[in-house]
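Residue numbers for the sequence shown, in our numbering: 274 to 428.
Positions of the beta carbon are idealized from the N, C-alpha and C atoms, including for glycine.
Since we're looking at a predicted model, the values are computed, not measured.
Before any comments, here is the structure.
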Amino acid sequence: MQIWVNYNAGNMELQVAVAPLGASKPRKPLLSHSIDLSTVVTDVAYVGFSSSTGLLSCSHYVLGWSFGIDGESPALAISRLPKFPKHDAKNPSENVVLPVVLPITITVALVSVLVFFYRRMSYSELREDWESEFKALRITYKDLITATENSGTSI
């Protein structure tokens, strides 16, 4: 993709035109805006590029650029531009699996542990009505096995 950014200081007009790589510059710009850049840009300024992709991973490459003052910038020789870097074709789902599946798995595990301990605690000291009336003595299973010397397991 080719992008032309032109500024006419006399008319104070900024124009941006876009075309596929190798195509000529469009006659009508994609964006045209009246702005006095002298109030925005100081005498010494740096020109750069920025991009954003959102949630998905993406790469942006600037393979060449041309800069001119007071008129059209020189045309780029497309054949002399460097080639795009090669990168491995990865499965797009790999980029989604870790950020999506891992938090869900951790949440499910945490909720399961909390439910387990909540249920265990709620049934640990469950007192029934008849126990308060007759003052029943509570005996743990471990104490029962010890008292009977494990005699009930061989039946």
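With Ser-339 and Ser-332 assumed to form a contact (beta carbons below 8 Å), what rounded beta-carbon distance in angstroms separates them? Wrong, their Cβ atoms sit about 22 Å apart, outside the cutoff.
Whole angstroms is fine: what's the gap from Leu-310's alpha carbon to Val-278's? 13 Å
Since Glu-286 sits in a beta bridge, which residues does DSSP pair it with? Asn-281, Ser-307
Which of helix, strand or coil does DSSP assign to Ile-418? Reduced to three states, the DSSP call for Ile-418 is helix.
Taking just the CA atoms, how far does Leu-303 sit from Leu-387? 57 Å
Can you name, in chain order, every residue of its own chain whose Cβ lies under 7 Å from the Cβ of Tyr-319, other than the five neighbours on each side? none
Would you tell me roughly how many angstroms separate the C-alpha atoms of Val-291 and Val-384, rounded to the nearest one? 52 Å
How about Pro-358 and Gly-337: are their beta carbons less than 9 Å apart? no
N- and C-terminal bounds of the alpha helix (DSSP H) containing Glu-406: 402-407
Is DSSP giving Val-291 helix, strand or coil here? strand
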